[in-house]
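Residue numbers (my numbering), protein chains in the order written: chain V, 1 to 524; chain S, 525 to 899; chain Z, 900 to 1185. Backbone N, C-alpha and C define an ideal beta-carbon position, used for all residues, glycine too. Bear in mind that the values here come from a model prediction, so they are computed numbers and not experimental data. Written out below as structure tokens is the structure these notes cover.
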Amino acid sequence: MSTATTHDAHHEEHPSGLMRWVTTTNHKDIGTLYLLFSLLMFLVGGAMAMVIRAELFEPGLQFVEPQFFNSMTTMHALIMIFGAVMPAFVCLANWLIPMMIGAPDMALPRMNNWSFWILPFAFAILLSTLFMEGGAPAGGWTMYPPLVMQTGNAFPFLIFSVHLMGISSIMGAINVIVTIVNMRAPGMTMMKMPLFVWTWLITAYLLIATMPVLAGAVTMLLTDRFFDTSFFNAAGGGDPVMFQHIFWFFGHPEVYILILQAFGIVSQIIPTFARKPLFGYSSMVYATASIAFLSFIVWAHHMFTVGMPLTGELFFMYATMLIAVPTGVKVFNWVSTMWRGAMTFETPMLFAIGFVIMFTIGGFSGLMLAMAPVDFQYHDTYFVVAHFHYVLVTGAVFAIMGATYYWLPKWTGHMYNEKLGKLHFWLSTISVNVLFFPQHFLGLAGMPRRIPDYSVQFAGFNEISSIGGFAFGLTQLLFVYIVFKTIKGGEKATDQVWEGAHGLEWTLPSPPPYHSFSTAPEVK
Amino acid sequence: MLVTKTKRALTAAAGIAALFGATSAAAEYGLNLTTGVTPISREAYDLHMLILEVCIGIGVVVFGAMFISIIKHRKSRGVQPSQFHESTTVEILWTIIPFLILVGMAIPATKALVAMEDTSNADLSIKVTGYQWRWGYDYVDNGISFISSLATPKDQIYNKAKKDEHYLLEVDKPLVVPVNKKVRLLITANDVIHAWWVPALGMKKDAIPGYINEMWFKVEKAGTYRGQCAELCGKDHGFMPIVVVAKDEADYEKWVAEQKGEAKADEQAAQRTWSRDELMARGEKVYNSSCAACHQANGEGVPGAFPALKGGAVTTGPVAGHISLVLNGKPGTAMAAFANQLSDVELAAVVTYERNAWGNDTGDMVQPSDVKAAR
Amino acid sequence: MSEAHGGYYVPHGTYWPIVGSIGLTTLLVGVANFLNGWNAGEALMVAGFAIVLFMMFGWFGTVIRESESGMYDDQVDRSFRWGMGWFIFSEVMFFAAFFGALFYARIYSVPWLGGADPGTNEFLWNGFEAVWPTNGPGDVGGKFETIGAWGIPAINTLLLLSSCVTVTFAHWALKKNQRTPLVLWLLATVVLGFTFLGLQIMEYMHAYHELNLTLGSGIYGSTFFMLTGFHGFHVTVGAIMLTVIMLRSMKGHFTPDHHFAFEGVAWYWHFVDVVWLGLFIFVYIL
Ligand code: HEA
Ligand code: HEA
Ligand code: CUA
Ligand SMILES: [Cu+2]
Chain V
1 MSTATTHDAH HEEHPSGLMR WVTTTNHKDI GTLYLLFSLL MFLVGGAMAM
51 VIRAELFEPG LQFVEPQFFN SMTTMHALIM IFGAVMPAFV CLANWLIPMM
101 IGAPDMALPR MNNWSFWILP FAFAILLSTL FMEGGAPAGG WTMYPPLVMQ
151 TGNAFPFLIF SVHLMGISSI MGAINVIVTI VNMRAPGMTM MKMPLFVWTW
201 LITAYLLIAT MPVLAGAVTM LLTDRFFDTS FFNAAGGGDP VMFQHIFWFF
251 GHPEVYILIL QAFGIVSQII PTFARKPLFG YSSMVYATAS IAFLSFIVWA
301 HHMFTVGMPL TGELFFMYAT MLIAVPTGVK VFNWVSTMWR GAMTFETPML
351 FAIGFVIMFT IGGFSGLMLA MAPVDFQYHD TYFVVAHFHY VLVTGAVFAI
401 MGATYYWLPK WTGHMYNEKL GKLHFWLSTI SVNVLFFPQH FLGLAGMPRR
451 IPDYSVQFAG FNEISSIGGF AFGLTQLLFV YIVFKTIKGG EKATDQVWEG
501 AHGLEWTLPS PPPYHSFSTA PEVK
Chain S
525 MLVTKTKRAL TAAAGIAALF GATSAAAEYG LNLTTGVTPI SREAYDLHML
575 ILEVCIGIGV VVFGAMFISI IKHRKSRGVQ PSQFHESTTV EILWTIIPFL
625 ILVGMAIPAT KALVAMEDTS NADLSIKVTG YQWRWGYDYV DNGISFISSL
675 ATPKDQIYNK AKKDEHYLLE VDKPLVVPVN KKVRLLITAN DVIHAWWVPA
725 LGMKKDAIPG YINEMWFKVE KAGTYRGQCA ELCGKDHGFM PIVVVAKDEA
775 DYEKWVAEQK GEAKADEQAA QRTWSRDELM ARGEKVYNSS CAACHQANGE
825 GVPGAFPALK GGAVTTGPVA GHISLVLNGK PGTAMAAFAN QLSDVELAAV
875 VTYERNAWGN DTGDMVQPSD VKAAR
Chain Z
900 MSEAHGGYYV PHGTYWPIVG SIGLTTLLVG VANFLNGWNA GEALMVAGFA
950 IVLFMMFGWF GTVIRESESG MYDDQVDRSF RWGMGWFIFS EVMFFAAFFG
1000 ALFYARIYSV PWLGGADPGT NEFLWNGFEA VWPTNGPGDV GGKFETIGAW
1050 GIPAINTLLL LSSCVTVTFA HWALKKNQRT PLVLWLLATV VLGFTFLGLQ
1100 IMEYMHAYHE LNLTLGSGIY GSTFFMLTGF HGFHVTVGAI MLTVIMLRSM
1150 KGHFTPDHHF AFEGVAWYWH FVDVVWLGLF IFVYIL
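See the structure below:
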């Protein structure tokens, strides 16, 4: 395989210190920046979740005022989605896609740098609103008007930070598409690409198609507030619900933007540890594409209660239910891959199995929400909160953590501490279920979401949930510790790292050379 | 301490067991969806149970297969991995079977949905208006009209007093409806989006400013049913409960008559001249229930969000400007128009109160007739 | 400063993105300050804009230099093409949001406001009747008149359509390496583009001063000005880019088979044209 220029010898020709990171056009450096940024945002967003759980520990107002509570909910969601999970996936794209398809780097390296270096500014703007008169945005991450119009001085800053995040995502997505279509090594046909690459390709299309729509939606908010337009104002012939349609046209594909790559990751990990090829590769590809397609025509399932015409409700109900079919294909394929394999259970595999089970639970509750007549009861309760944390936390976040354990030895050349990794998995899995499972009951019993205080009948489960939340939060400090310890040193990892691992990235040395494939590898 | 913890753990365990066991008894523990008291809520409950059971069934099969594999097909047992990775037959099967299951669920769901959206032939229509943060009810047919706001005292919220059984779910004036009548709600909002939801009635609908949404229910059992606003509507979103009292025909008629009497008394009250003490006492009450949420009980507001009325430019300026601001609100801000929310008496009282409380000693007095003239 | 990897050009470190981020942030924070009525607003806006311009000159300059010195092979060229194509697609989706708003208002919200079915117009809007154009039941912004399709807008349509033809002629000329026709056809395109803009500005002045049609004229004014306004902004950007391409052509840049920048701009120009056709049909005619 390609010649092993060592990592250190290579560094001398690059600017060093901080400027190396500011100016880098290298996909691995940029991947690392994304990783660190995402970790930081996960801690910030998580700290806000801890404020939420602390206030909800008991009925009554204890720590924060209602307005600030709403700010916490809003900022928590924006930071977790745009700051933690999406950048984490871009980190993986940067690190892995060139290595997986046999390319020297990403196709547009300067733009790659820019996609990253917009993010710290976007989030600096967003976080600065916490210190403004009138407080940080408190209208929910969904930013529904007219409520969002009551935001204080933070309002234009909110809008512009969303614009910046959008620009960053679009550039990142364009880069991914171009890299995949144009940079594959000879012989790496589309249907030979690893599934992670496939899922990212499809996600990138979703991003390019939806982020501009979000930008349009928030631009209309801006002009409604400052330039007298009436998009969302009934007196002028507009409609507040129109915002919801535009927002969710972005918002629903967005939730698949947060999960498709997770599917890809799990499809890489399970075959490795089952020592058996992925079952149904091509149906996995088609299922991903179908999910992406369907995601554009289901958005109004978030709006069953806004008073849509009956035909609209029926259409969106049917379309939403349909998504269970391709998603089911994926779940069945994963199980079949495990079936009659020879499995071992290192940390990445544990996270992958945890993902399959808990994501499916989240998917089931999603399907329940899809039934419009019952969604009238579930909507805007903690049942929804439970649903999306199962798919987001035990889905997306668990997959990201699994991916980190899986590829970190390749990236750093060091093995992580397996015992601590397993401990991290088990503590996380137990606490996250204590955290989110009871929220199903709260929702069914009638507890609305986005409230800082609740009736005494909901006290017990909220207390349990909060305890689970604190435990889950503390456990993540262990994750941070493991990651940094592995970066700094540890047992040397072999090139293949995992006995059952297949794919181009494992043919490179650990850590890989600065430019992954200086000469394109042959793919048979 | 330990005992309560064990009890909680047991409740949680029971909860999980109950959900998976899918017994209707779970409803009594507040773990499951309520069966409610309307045909709609029962239909929602049945559908909920049906899909829950289907999901649990599929879950058992999928997770079962997975666990068998995890236990039996592990390397430590010395198995050799087989290398199969495709089977068109099973792949087609597990595309079609879930699809058929979904069709099976879509049929009853469609029927339920059609029934729920059929608001025709209502016996009674009530217009519901969401305000930040209270509900207004107007009986379209007999002209009864009132505002319903949270009745839980601040002391309980700030943990200075013991919380009642219906903490945060009590209002000063509940919505009253007759049983076994098809009640149609015409829902709208005045400022931002709210949502009207009483779980036992089985329906939730958003209140959109500028638009009317419809929903209906037919309560089958007299009683008191509680719910909450279910759409984020600002800082006191968690503090705008809904209470519905369903009464038998006769009791309902009696209530209607009472309301009409009260309305007449109010009208008379608006005719006469009020004394300063009366106005101040009434004004303080109105202020605390309608204005203090934003401008605070001490009149100092919240810097950056809600202006202070203590020593404020408007509250110590000309009377006419003050009255008109409260009547018409300030478009584009959270300051709503109170013309439709408060009566002349209440408006007069609250303006008088604001002009004389917290050291705003302007000495002005506003009479209901002044408000009427300013409308 | 280049490193060829199997032929593919991977640039070394670059300062332009961080300059761009600082510029964009300064600009947007400036606008936000301005909107909030704070003092620093204008100064920050100007500074931010200047930094962004500086970044564009620097960044594009570097790319042009690299391109002219032959560092880009066909594969790099393909990367740029794909990138430009998907960038244009993202712009299409941005416009889709505003077209969506227009359709939603016309098909749903306005008829609902004037609808008797659940009683929205009866209970809330005093029997408002749904018509288009409208400034809503609140008569927001007062009475206004609209701009007919067959005056300036029709002329503008012709202008843009012809500019599509001229830019294509320029492309053919480039492919045959006929430099003078190339520059002249580009010049014609640029002139048509700026004429379009001039007429558009006249039309706006007419709307604001004589027709009382403004951004504040309810949903009609909102959709009208946001759609045509964003389109006009894109025409401006496109015309500036065409000007740059023309100047580069005059300096002898581009070869018959290596001229991505030219094509990228031409694509962009066609996109602007297609959006205009959509506008002409859905905003002006229907
Ligand atoms: C990663 C993110 C993610 C994912 C993957 C999903 C997946 C799904 N979601 Fe979820 N959803 C969110 C994130 C996500 N969601 C968020 C963030 C919100 C709230 C936003 C807000 O309001 O703030 C939300 C809200 C939400 C609602 C609105 C609820 C409400 O507000 O009232 C609905 C309603 O239909 C819904 C449905 C679904 C469905 C049907 C799926 C499906 O894709 C699930 C499919 C998977 C399965 C079904 C399991 C596996 C399948 C099988 C094993 C096959 C066999 C199964 C059967 C035939 C039953 N979601
Ligand atoms: C990817 C997205 C994502 C992720 C990862 C999370 C993670 C978590 N979420 Fe989040 N959440 C959302 C997306 C996400 N959430 C969205 C979209 C909403 C809806 C918002 C809206 O309504 O507008 C929401 C809303 C939401 C609510 C409802 C709020 C409300 O309705 O008012 C709650 C309440 O419990 C909650 C809790 C949590 C918790 C406890 C975690 C935990 O998993 C977090 C764990 C991580 C940490 C804790 C950080 C690491 C540790 C430290 C920093 C050390 C400090 C630790 C201690 C002091 C213990 N979330
Ligand atoms: Cu009203 Cu929430
Ligand atoms: Cu969705």
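Where does residue i sit, in a helix, a strand or coil, going by DSSP?
i	result
residue 584 (chain S)	helix
residue 141 (chain V)	coil
residue 798 (chain S)	coil
residue 107 (chain V)	coil
residue 1033 (chain Z)	coil
residue 971 (chain Z)	coil
residue 900 (chain Z)	Only weak support exists for where residue 900 (chain Z) lies, its pLDDT of 34 falling under 50; the value from the coordinates is given anyway. Coil, per DSSP.
residue 339 (chain V)	coil
residue 1164 (chain Z)	helix
residue 878 (chain Z)	Summary: the structure shown does not reach residue 878 (chain Z), with chain Z confined to residues 900 through 1185, and so no result is reported for it.
residue 496 (chain V)	coil
residue 57 (chain V)	coil
residue 737 (chain S)	strand
residue 528 (chain S)	Caution is warranted here: a pLDDT of 45 is assigned to residue 528 (chain S), below 50, making its placement in the model unreliable, and no coordinate value can be reported.
residue 882 (chain S)	coil
Would you mind sorting residue i into buried or exposed? The rule is 16 or more other CB atoms within 10 Å of its CB.
i	result
residue 827 (chain S)	exposed
residue 18 (chain V)	exposed
residue 806 (chain S)	buried
residue 1107 (chain Z)	exposed
residue 291 (chain V)	buried
residue 940 (chain S)	Because chain S spans 525 through 899 in this model, residue 940 (chain S) falls outside it and cannot be assessed.
residue 53 (chain V)	buried
residue 737 (chain S)	buried
residue 439 (chain V)	buried
residue 418 (chain V)	exposed
Who are the neighbours of residue i on chain V, taking C-beta pairs under 9 angstroms?
i	result
residue 1133 (chain Z)	Residues of chain V passing the Cβ test: none, with the nearest at roughly 13 angstroms.
residue 1037 (chain Z)	230, 233, 234, 235, 236, 237
Mind pulling the chain V residues with CB within less than 7 angstroms of residue i?
i	result
residue 853 (chain S)	Correct list: empty, because the minimum Cβ distance to chain V is about 13 angstroms.
residue 681 (chain S)	60, 61, 453
residue 1186 (chain Z)	With chain Z represented from 900 up to 1185, any question about residue 1186 (chain Z) goes unanswered, as that position is not in the structure.
Can you name the residues of chain S whose CB is closer than 8 angstroms to the CB of residue i?
i	result
residue 916 (chain Z)	Under the 8 angstroms cutoff, chain S gives no residues; its nearest Cβ is about 36 angstroms from residue 916 (chain Z).
residue 1032 (chain Z)	Under the 8 angstroms cutoff, chain S gives no residues; its nearest Cβ is about 19 angstroms from residue 1032 (chain Z).
residue 78 (chain V)	None at all; the shortest Cβ gap to chain S is about 14 angstroms.
residue 538 (chain V)	Chain V is shown only over 1 to 524; residue 538 (chain V) falls outside these bounds and no answer can be derived.
If residue i and residue j are in contact, beta carbons under 8 angstroms, what's the gap, nearest whole angstrom?
i	j	result
residue 235 (chain V)	residue 1035 (chain Z)	5 angstroms
residue 599 (chain S)	residue 344 (chain V)	5 angstroms
Mind pulling the chain Z residues with CB within less than 8 angstroms of residue i?
i	result
residue 110 (chain V)	910, 913, 915, 916, 958
So which residues on chain Z does residue i lean against when the C-beta distance must stay under 9 angstroms?
i	result
residue 712 (chain S)	1019, 1022, 1023
Between the stretch 101-115 of chain V and the stretch 983-990 of chain Z, can you find at least three pairs of beta-carbon atoms closer than 8 angstroms?
No: the two stretches stay apart, fewer than three of their Cβ pairs being nearer than 8 angstroms.
Do the stretch 1036-1052 of chain Z and the stretch 1104-1117 of chain Z make contact, defined as three or more Cβ pairs closer than 8 angstroms?
Touching, yes.
For the 8 angstroms Cβ check, are there 3 or more pairs between the stretch 949-958 of chain Z and the stretch 920-929 of chain Z?
They touch, by the three-pair rule.
Does the pairing of the stretch 715-728 of chain S with the stretch 621-628 of chain S give three or more beta-carbon distances under 8 angstroms?
In this structure the stretch 715-728 of chain S does not touch the stretch 621-628 of chain S; the number of beta carbon pairs closer than 8 angstroms is below three.
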